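What follows is one structure encoded as C-alpha cells, with my remarks underneath.
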Amino acid sequence: MYSRAYKTLITAPPLLWVGLFLLLPYLLMFAHSFWLVRDGFLVHEWNLQNYHKLIANPLYVEVLLRTMRIAASVTLLSVLLGYPLAYYLSFHAGARKELFYQLVIVPLWVSYLVRGYAWKTILGSDGVLNGFLQYLHITHEPVGALLYSPFAVIVMLTHIYTPFVFLPIYASLEHIPRPLVEASHDLGANRLTTFLRVILPLSMPGLLAGATFAFVLSLGDFLAPLLVGGPSGTMIANIVQSLFGAAYDWPLGAAISVCILLITITLLSLTERFEKRWSFK
Amino acid sequence: MVVQMTGANKSAKFPSRAPILTSVAILIFAFIYLPIVVLIVYSFNRDGVGGFPPQHLTLDWYRQLFADGAIWDAVLNSVIVAAASVALALTLGLLAALALNRADFPGKALFRRLVLLPLILPGIITGLSLLMFAVFVHLPLSLGTVFLGHGTALISVATTELFAGLQKIDRAQEEASLDLGATPWQTFWRVTLPNLKLSLIAAGLLIFTLSMDEIAVTFFLIGRDNTLPLEIWGRLRRGITPEINAISTLIFALSVALIVIWYRIRTRSLGAKPQDLLEQAAAQQQEQAA
Amino acid sequence: MANAHSATSGASGVLLAVRGVAKRFGDKEVLKSLSLDIAPGEFITLLGESGSGKTTLLRLIAGFEQPSSGEIWMNGDRLDIQPAHKRRVNTVFQQYALFPHLSVRDNVAYGLRVKKTPKGDVGGRVDQALKMVKMNEFAEAKPTRLSGGQQQRVALARALVNRPQLLLLDEPLSALDANLRKQMQSELKSLQREVGITFLFVTHDQEEAMALSDRIALLRNGALEQVAVPREIYTRPATAYTAQFIGQTNLLKATVKNGIATCGSLKWPTSSADGSALFSLRPEAIQLASDVLPVSARWVRFRGTIQQQIYGGASEQLEIECGAGQPLRARIPSRAALGREQEFSFSADEVVQVKS
Numbered sequence: 001m002y003s004r005a006y007k008t009l010i011t012a013p014p015l016l017w018v019g020l021f022l023l024l025p026y027l028l029m030f031a032h033s034f035w036l037v038r039d040g041f042l043v044h045e046w047n048l049q050n051y052h053k054l055i056a057n058p059l060y061v062e063v064l065l066r067t068m069r070i071a072a073s074v075t076l077l078s079v080l081l082g083y084p085l086a087y088y089l090s091f092h093a094g095a096r097k098e099l100f101y102q103l104v105i106v107p108l109w110v111s112y113l114v115r116g117y118a119w120k121t122i123l124g125s126d127g128v129l130n131g132f133l134q135y136l137h138i139t140h141e142p143v144g145a146l147l148y149s150p151f152a153v154i155v156m157l158t159h160i161y162t163p164f165v166f167l168p169i170y171a172s173l174e175h176i177p178r179p180l181v182e183a184s185h186d187l188g189a190n191r192l193t194t195f196l197r198v199i200l201p202l203s204m205p206g207l208l209a210g211a212t213f214a215f216v217l218s219l220g221d222f223l224a225p226l227l228v229g230g231p232s233g234t235m236i237a238n239i240v241q242s243l244f245g246a247a248y249d250w251p252l253g254a255a256i257s258v259c260i261l262l263i264t265i266t267l268l269s270l271t272e273r274f275e276k277r278w279s280f281k
Numbered sequence: 282m283v284v285q286m287t288g289a290n291k292s293a294k295f296p297s298r299a300p301i302l303t304s305v306a307i308l309i310f311a312f313i314y315l316p317i318v319v320l321i322v323y324s325f326n327r328d329g330v331g332g333f334p335p336q337h338l339t340l341d342w343y344r345q346l347f348a349d350g351a352i353w354d355a356v357l358n359s360v361i362v363a364a365a366s367v368a369l370a371l372t373l374g375l376l377a378a379l380a381l382n383r384a385d386f387p388g389k390a391l392f393r394r395l396v397l398l399p400l401i402l403p404g405i406i407t408g409l410s411l412l413m414f415a416v417f418v419h420l421p422l423s424l425g426t427v428f429l430g431h432g433t434a435l436i437s438v439a440t441t442e443l444f445a446g447l448q449k450i451d452r453a454q455e456e457a458s459l460d461l462g463a464t465p466w467q468t469f470w471r472v473t474l475p476n477l478k479l480s481l482i483a484a485g486l487l488i489f490t491l492s493m494d495e496i497a498v499t500f501f502l503i504g505r506d507n508t509l510p511l512e513i514w515g516r517l518r519r520g521i522t523p524e525i526n527a528i529s530t531l532i533f534a535l536s537v538a539l540i541v542i543w544y545r546i547r548t549r550s551l552g553a554k555p556q557d558l559l560e561q562a563a564a565q566q567q568e569q570a571a
Numbered sequence: 572m573a574n575a576h577s578a579t580s581g582a583s584g585v586l587l588a589v590r591g592v593a594k595r596f597g598d599k600e601v602l603k604s605l606s607l608d609i610a611p612g613e614f615i616t617l618l619g620e621s622g623s624g625k626t627t628l629l630r631l632i633a634g635f636e637q638p639s640s641g642e643i644w645m646n647g648d649r650l651d652i653q654p655a656h657k658r659r660v661n662t663v664f665q666q667y668a669l670f671p672h673l674s675v676r677d678n679v680a681y682g683l684r685v686k687k688t689p690k691g692d693v694g695g696r697v698d699q700a701l702k703m704v705k706m707n708e709f710a711e712a713k714p715t716r717l718s719g720g721q722q723q724r725v726a727l728a729r730a731l732v733n734r735p736q737l738l739l740l741d742e743p744l745s746a747l748d749a750n751l752r753k754q755m756q757s758e759l760k761s762l763q764r765e766v767g768i769t770f771l772f773v774t775h776d777q778e779e780a781m782a783l784s785d786r787i788a789l790l791r792n793g794a795l796e797q798v799a800v801p802r803e804i805y806t807r808p809a810t811a812y813t814a815q816f817i818g819q820t821n822l823l824k825a826t827v828k829n830g831i832a833t834c835g836s837l838k839w840p841t842s843s844a845d846g847s848a849l850f851s852l853r854p855e856a857i858q859l860a861s862d863v864l865p866v867s868a869r870w871v872r873f874r875g876t877i878q879q880q881i882y883g884g885a886s887e888q889l890e891i892e893c894g895a896g897q898p899l900r901a902r903i904p905s906r907a908a909l910g911r912e913q914e915f916s917f918s919a920d921e922v923v924q925v926k927s
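As C-alpha cells, this is what we get:
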C-alpha cells in the first residue's frame, strides 16, 4: 500500500538525524575511551590505559561501589514505597482511583531541580526538619549529618524515583484479571497468600521494569550528589563530570562513562530476558 | 417472618477494609508531597528558608523574583529552546513513528532501540556524547547546542506517543481515502494527520515540559546564555534564598497545569486507559535529571 | 504483453478479467492462480469461508495488495499495475471506515473533492447520493453518532457518488443484526438494479449470496470451486464441498453398475459411468411417499425408520435410518407426529453426482 518513495521519505530523515546526532556521538564517546591526554592535549592513540586506570585506582573503585550501593538502596526503597501505593490504588481505591492516580503522577513531572532543592532546604542544619525537631524539643541542636551525606542522596533520589517505580507496577497490577483473585479466595487462600502466590508473581514484569529504571538512572545521577551529597556522597558520575571539567581528562571520563553504559545495557538485557520469562500474557 | 439475604449480593469488588494498608498509602502520599508543600509554604516566609514554624508570611520574595531580570532572561531562553525542541522532536518523531509503524527497512530493530536510548540512559552520557560531538565538529556551545541536545533526546518521547496514536488509527480509513481517489500525500494531510491531532498536542505538551525542566544534558551543552534550570542551579551554588522557593513554586504550579491538561487530552485521544500507555511511555520515560 | 485472450480486450461482456492471479504471504499461498471474468452490470458474489481468499482477491482488485503473479484487466487496460487511487473502482469497507473528523456530507464529498471536481457539481451529486441511500437528513451529522446501518448507507453513498465502474463490497452487512441485514439486502439489490453499476460482493453467508447475486463464485482455499448462477449452484453442485456449503445435503457413496446406482438399500437410475461415485441429494427432495403421486419410473421409494423429528415451524427435519450407511436427512412440510416406520420417495432427477 505504501510506495517506495513514501517509505523512503518517512524513514530517511529520522534515520539520518538519529544516526548523525545520536549514534555518532555515542560512538565518539566510545572512541574517546581508547584515546589519551598527553601534556594537556587530546591524543588519538588507541590504547587501554584508561580502563587500567579505572580498575587500578582504589578511589574510583570505591566510589563506583558506593554508587552501586546508593543505587541499590534507592531502588529497594522506591519499590518498598511504590508497591504498596500501587497495590492500594489498584485494589482498594475504588471510585477515587483515577483521581489518586493523577495525584501520584503530577509530582513525577515536576522539575527534578525543584524537588532536589526542596530536600536541600529540609535536611540542612538550618533546615526545616531540624527546625521542626527542635520546635518539638525532640532534639536540642541541629543534626548535621542529615545533609551532605549518602543518606541525603538516597532520600532525595528515593523521593524522585518512587513515582517512577509506581507507574509500571500499577500498570501490571491493573492488568491482573480480578477473577483470578476471586478464584484464589474461592479456593481457600487468605489475602496474604493470594498476594504472595498470585498477585506478586503476576506483577513481576512491572516491578522489574520500574526497579531497573530506578537503578540505572540513580547509577548515572550526578546532580543529587552536587545538591545534597557533599564530599562523602560523591557518586561515579561526579567523577566523570570533573574529568570533563577541571580535571581535564576526557578519555578517562569517557572510559568511566562506557562502564556505566555497559552496566546499564547489561541490566536492561537481563531484565528483558526475565520479563519474557515472567510474562504470562 | 423476615428472611435475610446474606452474602448473595456481595459486590465483585475486592473488599475495601484494609486500615493498615490505607494508612501506609497515606504516609507514602505524604512523603511524595510534603517536600513540595514545604517548598511552597516557605516561599511566603519572611525569615527565609529553614527554622520552624514559618512566621510572618509575605509576598516579598515573589516581588524580588519578578524584579529579577536574569531569571526572566533565562525563562525566555528556556521557552525558545523548548518551543524549537517541540518542533524538531514532533517532526522527526512523527516520521520515525510512521517509519516504525509502516515500513520495513534494514536496521529497523537497531533504529528502534537507538531512538529510545536517551530515555533510558542517564542524562550525563547523552550530554557528554553530544559535547564530544560538538567539539569534534568545532561547534561552539550555546543555546543552539542545548536545542540540539533537547530536540534529539526528546525525539524518543515524540516517537513513543505518536506510535501509540498511529496504532489507534483504523488502517481502513487510509485505504478508504486512497480508494476514493486521494493520492498518498493527500491521504496523509486529510486523514492521517487530523486523526493524530490529539496525539500531537499531547506529545507537544510533554516535550515542552520536559525541555523546560531539563538539566543533565543541558549541563554539558550550555554556552553563555542560561536556561531556567541552569540559572537556578547557578544561584544554588551561591546559597539558598527563598526567591528560589518562589520560582520553584511557580514552576510547580505551571507543571501541574500542563500535566493535567496533557492527561486529559491523552485520555480523550487514545480512549484506552492512559495508565497502560503511560506505562509504555513512562517506563522508558526520561526523568529530567537522568 | 499482447492481449492473447479476447476477454481481456474489453470486448462487450467482460468488465473485469482476473487472469491467473496468485497471491502469497510469506510462504503461505492464499490465492492459487485464479481466473474469473466479471460482466458489466452484474451482481456477482465471492462466497467462501474465512481463509478462502475472497477478501484477498477483493483487495487485489481494489489495489491494496499486489498479485504475486498473474494480471487483472479492466476494460482492456491493465488494472493491477495502477495504484489504488487511480483505479475506477470503489470499496465499501467491512467496518465502513468513515472519516470521524468529517461530517456525513464531507465524507460523501471526499472522493469528488480530492479529484478536484468543480465545486458547483459537488453539492448536487452529494445530495443525490444521500437521497439514494435515504440519508439526506443526516448530512451534517458526524459518523460517530450514527447507527451501524446508517453508517453503512453513508459508506455506500460515499463510494457510489464517484460513479465507479466497479463497486467492491467487503462483507458490508456482517456487522448488522439479522433483521436489519435482511432489510439492507433487499435495498442493496434494488439499488444495484437502479444504478446499474457492477457489484462485486464478498460474504461468507451463503443465504445472503443466493438472495442477492446474479452469479456466485465459490472460493475454497484460494481456488474457485464453482462459478454459476444461484439456482444452478444449488441444484447442480459440482463438488461435495459446494453441495454442503450451500444449503444442506445428503452425501451418498454409491456404486454404479449398468445405469443403476446403489447405496446400501437405496437404488436409483443414473446416467453416471460405472464404478464408485459420490452423489448429493437435498433433504427437501425426500418426501413422504404418501404425499407424492409418482409420475414416472424415475421415482424411487424406500422404507425407513424415523430416528428424530425436529420441528422447525413451516417445515420439519427428519433423520431417517434406511440402511444407506448413514442416516438420511429429509425436510418435509410440518405435520403431526409420524409413526416410526414410514415409506419415503424421491426423484432420481434430484440426485446429482458430485466430485469429492
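Chains as they are written, first to last, in the working numbering: chain S, 1 to 281; chain B, 282 to 571; chain C, 572 to 927. Ideal Cβ positions, reconstructed from N, Cα and C, are used throughout, including at glycine. Source: prediction; values computed, not measured.
Cutoff 9 angstroms: residue i Cβ touching any chain B Cβ
| i | result |
| --- | --- |
| arginine 595 of chain C | no |
| arginine 729 of chain C | yes |
| tryptophan 119 of chain S | yes |
Cβ pair residue i, residue j closer than 9 angstroms
| i | j | result |
| --- | --- | --- |
| proline 225 of chain S | alanine 237 of chain S | yes |
| leucine 740 of chain C | glycine 720 of chain C | no |
| leucine 59 of chain S | glutamine 49 of chain S | no |
| serine 480 of chain B | glutamine 467 of chain B | no |
| serine 359 of chain B | leucine 435 of chain B | no |
| isoleucine 768 of chain C | leucine 731 of chain C | yes |
| lysine 760 of chain C | leucine 783 of chain C | yes |
| isoleucine 70 of chain S | proline 150 of chain S | yes |
| serine 843 of chain C | alanine 811 of chain C | no |
| leucine 227 of chain S | tryptophan 109 of chain S | no |
| leucine 85 of chain S | phenylalanine 166 of chain S | yes |
Residue i: first and last residue of the uninterrupted alpha helix (DSSP H) it sits in
| i | result |
| --- | --- |
| glycine 408 of chain B | 404-417 |
| glutamine 777 of chain C | 777-783 |
| glycine 682 of chain C | 675-685 |
| methionine 29 of chain S | 24-32 |
| arginine 734 of chain C | Element bounds for arginine 734 of chain C: n/a, residue is neither H nor E. |
CB contact check: residue i to chain S, cutoff 9 angstroms
| i | result |
| --- | --- |
| serine 366 of chain B | no |
| phenylalanine 325 of chain B | no |
| aspartate 494 of chain B | yes |
| isoleucine 317 of chain B | yes |
| proline 421 of chain B | no |
Proximity test, Cβ basis, 9 angstroms: residue i and chain C
| i | result |
| --- | --- |
| aspartate 385 of chain B | no |
| valine 416 of chain B | no |
| alanine 538 of chain B | no |
Presumed contact (8 angstroms Cβ cut-off) between residue i and residue j, rounded CB distance
| i | j | result |
| --- | --- | --- |
| asparagine 661 of chain C | leucine 461 of chain B | 7 angstroms |
| phenylalanine 444 of chain B | leucine 381 of chain B | 6 angstroms |
| threonine 433 of chain B | phenylalanine 21 of chain S | 5 angstroms |
Coil, strand or helix - residue i by DSSP
| i | result |
| --- | --- |
| serine 111 of chain S | coil |
| alanine 832 of chain C | strand |
| arginine 595 of chain C | strand |
| aspartate 741 of chain C | strand |
| aspartate 354 of chain B | helix |
| glutamate 758 of chain C | helix |
| proline 840 of chain C | strand |
| proline 904 of chain C | strand |
Limits of the beta strand (DSSP E) - the one that residue i falls within
| i | result |
| --- | --- |
| serine 718 of chain C | Serine 718 of chain C -> no beta strand (DSSP E), and no H or E assigned at all. |
| tryptophan 870 of chain C | 870-883 |
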